[in-house]
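2 protein chains.
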Amino acid sequence: MAIDKDLVVRTALRMLDREGLERLSLRRIAAELDVKAPALYWHFESKRALLDHMADAVLTPALPDLEDPGDAARWPDWLAHTADLIRSRLLAHPDGAQLALGADLTRATALLRIVERTVEVLHHAGFGLADASRAAASFLWFVVGRTVEEQTLPDPASMRRQARANPSILSRAMAERTAPDDQDVSFRFGVRIMVAGMRALIEEERAVG
Amino acid sequence: MAIDKDLVVRTALRMLDREGLERLSLRRIAAELDVKAPALYWHFESKRALLDHMADAVLTPALPDLEDPGDAARWPDWLAHTADLIRSRLLAHPDGAQLALGADLTRATALLRIVERTVEVLHHAGFGLADASRAAASFLWFVVGRTVEEQTLPDPASMRRQARANPSILSRAMAERTAPDDQDVSFRFGVRIMVAGMRALIEEERAVG
DNA sequence: GGATGTCCCTAACGCGTTAAGGTGTCAAGC
DNA sequence: GCTTGACACCTTAACGCGTTAGGGACATCC
Numbered sequence: 001m002a003i004d005k006d007l008v009v010r011t012a013l014r015m016l017d018r019e020g021l022e023r024l025s026l027r028r029i030a031a032e033l034d035v036k037a038p039a040l041y042w043h044f045e046s047k048r049a050l051l052d053h054m055a056d057a058v059l060t061p062a063l064p065d066l067e068d069p070g071d072a073a074r075w076p077d078w079l080a081h082t083a084d085l086i087r088s089r090l091l092a093h094p095d096g097a098q099l100a101l102g103a104d105l106t107r108a109t110a111l112l113r114i115v116e117r118t119v120e121v122l123h124h125a126g127f128g129l130a131d132a133s134r135a136a137a138s139f140l141w142f143v144v145g146r147t148v149e150e151q152t153l154p155d156p157a158s159m160r161r162q163a164r165a166n167p168s169i170l171s172r173a174m175a176e177r178t179a180p181d182d183q184d185v186s187f188r189f190g191v192r193i194m195v196a197g198m199r200a201l202i203e204e205e206r207a208v209g
Numbered sequence: 210m211a212i213d214k215d216l217v218v219r220t221a222l223r224m225l226d227r228e229g230l231e232r233l234s235l236r237r238i239a240a241e242l243d244v245k246a247p248a249l250y251w252h253f254e255s256k257r258a259l260l261d262h263m264a265d266a267v268l269t270p271a272l273p274d275l276e277d278p279g280d281a282a283r284w285p286d287w288l289a290h291t292a293d294l295i296r297s298r299l300l301a302h303p304d305g306a307q308l309a310l311g312a313d314l315t316r317a318t319a320l321l322r323i324v325e326r327t328v329e330v331l332h333h334a335g336f337g338l339a340d341a342s343r344a345a346a347s348f349l350w351f352v353v354g355r356t357v358e359e360q361t362l363p364d365p366a367s368m369r370r371q372a373r374a375n376p377s378i379l380s381r382a383m384a385e386r387t388a389p390d391d392q393d394v395s396f397r398f399g400v401r402i403m404v405a406g407m408r409a410l411i412e413e414e415r416a417v418g
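Pasting the structure below:
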């Protein structure tokens with residue numbers, strides 16, 4: 001029974017869920033498939049390509065939920081919803097966000113679709129095409145990047161230890177962020193900054209013409 | 210003549226400038242220092258630790274220019290200036306931004322100082338301490354991350370080729386971004402989004418109390 | 001002179017990746 | 001019907017990589 005692209009991706013995702021990204025090596029994936037590591041190079045041009053397809057598989061289920069907002073004026077809600085959706089898909093797998101960070105858009109097609117749709121929405125919201133693509137890139141970079149940070153956080157105990165060792169304004173700030181849902185709050189706070197900023201710049205762009 | 214931490218960092222930075230991050234291996238650095246690779250583990254606990262110290266060396270010269278803004282109301286200018294300063298320091302070395310991305314703040318002390326100073330500035334600007342640290346993290350993540358993307362861009366020729374192959378709203382948008390200083394413009398555009406967003410949220414926080 | 005500690009070595013592990021080659025399948029040509 | 005060749009799919013062997021274990025040389029201190 002020959003191996004095919006889809007089987008490799010599904011197997012690798014199962015191993016990712018079981019043991020995390022660090023232990024996900026080509027040799028181990030190949031062994032799971034009763035094959036030697038270089039065989040994978042027949043189906044993927046590099047490990048990065050395999051990871052890109054995995055990221056694609058992780059994000060694709062989010063696409064149906066990202067239809068255009070009926071009303072162009074509701075773009076802020078659409079952005080917030082999109083951000084939450086991407087984040088939750090990435091958090092559904094260990095190191096899922098790292099998978100998407102640095103993914104090649106020509107291979108992670110789902111991510112490309114999301115970028116395109118975001119550009120459309122922001123263009124209809126009032127940005128010129130160039131600025132819409134700039135804002136979309138900044139926004140999605142933030143969403144994925146912020147999720148990576150969240151997912152790779154050191155455990156709270158070691159953070160407290162470090163805070164005690166180096167009492168600074170930063171540790172005082174972190175002391176105020178002990179709520180169990182702080183990650184949710186912080187993520188949405190960042191999203192709100194970006195959405196509010198875009199709103200301000202759209203008005204500015206409208207005023208200038 | 211024994212090797213010391215500082216010499217390793219300076220040598221590695223020279224090699225980075227000469228040949229880029231991809232070719233910067235411990236074995237090659239060691240060879241340049243007339244030493245074998247494991248010797249470096251006497252001075253650094255991992256390659257990541259060495260890279261962190263390199264990032265520190267790259268960013269440290271920016272610190273004197275990041276004094277608090279005399280007037281707390283001038284925080285938007287301070288943020289914009291800080292962003293430009295960090296970006297220009299990172300662009301001064303090939304793959305300099307990648308070096309800083311994912312750096313451990315306990316080792317890349319300069320980066321930690323920048324975070325702390327940004328938290329202070331945003332706190333004085335009107336954010337509560339927790340929100341100031343959230344906004345600072347989002348902002349600096351954006352600055353470093355956006356600079357990574359800029360520094361690792363595929364060459365324009367291959368981008369145009371891909372745009373022709375897949376005519377989408379994204380390629381139409383990129384067609385409007387051919388100015389030679391588009392990277393500067395796009396970076397500052399992202400910074401303006403974040404600054405405008407923070408301004409809006411500070412007013413909101415003030416209104417609520 | 002023995003103990004301690006600093007600084008480096010050799011050997012080896014699993015890693016991603018490449019080069020070269022082998023096996024099986026299947027259509028084309030005699 | 002048999003052979004030839006092409007192609008799909010996988011192998012073994014090897015490269016340099018980051019990293020670890022274990023040990024050796026040399027200085028410093030009691």
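From first to last, the protein sequence lines are chains H and R.
Numbered according to my numbering, the first sequence spans residues 1 to 209.
Numbered according to my numbering, the second sequence spans residues 210 to 418.
Where is the CB? At the ideal position from N, CA and C, for every residue including glycine.
These numbers come from a predicted model, not from an experiment.
Q) At a CB-CB cut-off below 8 Å, which residues of chain H make contact with tryptophan 350 (chain R)? A) Numbered from 1 along the second sequence, position 141 holds the residue referred to as residue 350 (chain R). In chain order: Phe142, Gly145, Arg146, Glu149.
(Q) With a threshold of 8 Å between beta carbons, is methionine 383 (chain R) in contact with chain H? (A) Here residue 383 (chain R) refers to the residue found at position 174 of the second sequence. It does; some Cβ of chain H falls within 8 Å.
Q. Under a three-way DSSP split, which group does valine 417 (chain R) fall into?
A. On the second sequence, position 208 is the one that residue 417 (chain R) refers to. Valine 417 (chain R): helix per DSSP, three-state reduction.
(Q) So, under 8 Å CB-CB, leucine 63 (chain H) and arginine 113 (chain H) are touching, yes? Tell me the CB distance rounded to an integer number of Å. (A) Taking the first sequence and counting its residues from 1, one reaches residue 63 (chain H) at position 63. Taking the first sequence and counting its residues from 1, one reaches residue 113 (chain H) at position 113. Right, their Cβ atoms sit about 6 Å apart.
Q: Take the Cβ of valine 417 (chain R) as the centre, count every other Cβ of all protein chains shown within 10 Å, and call the residue buried at 16 or more, exposed below.
A: Taking the first residue of the second sequence as position 1, residue 417 (chain R) is located at position 208. It is exposed - the Cβ of valine 417 (chain R) has fewer than 16 other Cβ atoms within 10 Å.
**Q.** Residue closest to aspartate 131 (chain H), alpha-carbon to alpha-carbon, out of R:Ile295, R:Val400, R:Ala317, R:Leu299
**A.** Along the first sequence, one-based indexing puts residue 131 (chain H) at 131. Aspartate 131 (chain H) has its Cα closest to that of R:Val400, out of R:Ile295, R:Val400, R:Ala317, R:Leu299.
Q | Neighbourhood of leucine 288 (chain R) by C-beta, 6 Å cutoff - its chain only, sequence neighbours within 5 removed | A | Walking along the second sequence from the start, residue 288 (chain R) turns up at place 79. Excluding sequence neighbours, leucine 288 (chain R) sits near Val404.
Q) Cα-Cα, which of H:Leu153, H:Pro61, H:Thr118, H:Gly96 is closest to aspartate 313 (chain R)? A) The count along the second sequence starts at 1 and reaches residue 313 (chain R) at position 104. Of H:Leu153, H:Pro61, H:Thr118, H:Gly96, the residue nearest in Cα terms is H:Leu153.
Q) Below 8 Å between beta carbons: does that hold for glutamate 359 (chain R) and phenylalanine 336 (chain R)? A) Start at 1 with the first residue of the second sequence, and residue 359 (chain R) comes out as number 150. Start at 1 with the first residue of the second sequence, and residue 336 (chain R) comes out as number 127. No, Cβ-Cβ distance for glutamate 359 (chain R) and phenylalanine 336 (chain R) is not below 8 Å.
Q) Exposed or buried, what is leucine 308 (chain R) when buried is set at 16 or more other beta-carbons lying within 10 Å of its beta-carbon? A) What you label residue 308 (chain R) is simply residue 99 of the second sequence in a count that begins at 1. Result: buried.
Q | Inter-residue spacing [alpha-carbon to alpha-carbon] between leucine 310 (chain R) and glycine 354 (chain R) | A | Walking along the second sequence from the start, residue 310 (chain R) turns up at place 101. Walking along the second sequence from the start, residue 354 (chain R) turns up at place 145. Taking the straight line joining both Cα atoms gives about 7 Å.
(Q) How far does the alpha helix (DSSP H) with threonine 147 (chain H) in it extend, from its first residue to its last? (A) The residue labelled residue 147 (chain H) in the question sits at position 147 within the first sequence. Taken as a continuous stretch (DSSP letters only), the alpha helix (DSSP H) holding threonine 147 (chain H) covers 129-151.
Q: Spell out whether any CB of chain R is found under 8 Å from the CB atom of serine 158 (chain H).
A: Looking up residue 158 (chain H) in the first sequence gives position 158. Taking Cβ atoms only, chain R never reaches closer than 8 Å to serine 158 (chain H), which makes this a no.
Q: Within its chain, find whatever has a CB closer than 7 Å to the CB of aspartate 261 (chain R); leave out the 5 residues flanking it on each side and keep chain order.
A: Position 52 of the second sequence, counting from 1, holds the residue named residue 261 (chain R). Only Ala312, Asp313, Arg316, Ala317 meet the Cβ criterion.
Q | Closer than 8 Å to chain H by CB, leucine 300 (chain R) | A | In the second sequence, residue 300 (chain R) corresponds to position 91, counting from 1. Chain H, which has no Cβ nearer than 8 Å to the Cβ of leucine 300 (chain R), makes this no.
Q. From the beta carbon of arginine 192 (chain H), is the nearest beta carbon of chain R less than 8 Å away?
A. Counting from one through the first sequence, the residue named residue 192 (chain H) turns up at place 192. True, the Cβ-Cβ gap to chain R drops below 8 Å.
Q. Cβ of isoleucine 378 (chain R) less than 8 Å from any chain H Cβ?
A. Along the second sequence, one-based indexing puts residue 378 (chain R) at 169. Closer than 8 Å to some Cβ of chain H, the Cβ of isoleucine 378 (chain R) qualifies, so yes.
Q) Which residue's Cα is closest to the Cα of leucine 16 (chain H): H:Ala110, H:Pro61, H:Ala55? A) Walking along the first sequence from the start, residue 16 (chain H) turns up at place 16. Comparing Cα positions, the closest option is H:Ala55.
Q: Within 10 angstroms of the Cβ of tryptophan 42 (chain H), are there 16 or more other Cβ atoms? Answer buried if so, exposed if not.
A: Numbered from its first residue, the first sequence carries residue 42 (chain H) at position 42. Its Cβ having fewer than 16 others within 10 Å, tryptophan 42 (chain H) is exposed.
Q) Apart from the five residues on each side of it in sequence, which residues of its chain come closer than 6 Å, Cβ to Cβ, to proline 303 (chain R)? A) Taking the first residue of the second sequence as 1, we reach residue 303 (chain R) at position 94. Contacts found: Gly229.
Q. The alpha helix (DSSP H) with leucine 260 (chain R) in it runs from where to where?
A. Against the second sequence, residue 260 (chain R) aligns to sequence position 51. Start and end: 256-268.
Q: Using the Cα positions of isoleucine 295 (chain R) and threonine 60 (chain H), report the straight-line distance between them to the nearest angstrom.
A: Working through the second sequence from its first residue, we reach residue 295 (chain R) at position 86. Working through the first sequence from its first residue, we reach residue 60 (chain H) at position 60. Approximately 35 Å, taken between the alpha carbons.
Q | Proximity to aspartate 274 (chain R) [Cα-Cα], best of R:Arg298, R:Ala334, R:Arg257, R:Ala248 | A | Here residue 274 (chain R) refers to the residue found at position 65 when the second sequence is read from its first residue. Closest option to aspartate 274 (chain R), Cα to Cα, is R:Arg298.
Q. For threonine 291 (chain R), which three-state DSSP category applies?
A. Along the second sequence, read from residue 1 onward, the residue named residue 291 (chain R) stands at position 82. If DSSP states are grouped into helix, strand and coil, threonine 291 (chain R) belongs with the helices.
Q | threonine 356 (chain R) classed as buried or exposed, judged by whether at least 16 other C-beta atoms fall within 10 angstroms | A | For the purposes of this step, residue 356 (chain R) is identified with residue 147 of the second sequence, where counting begins at 1. Buried is the call here.
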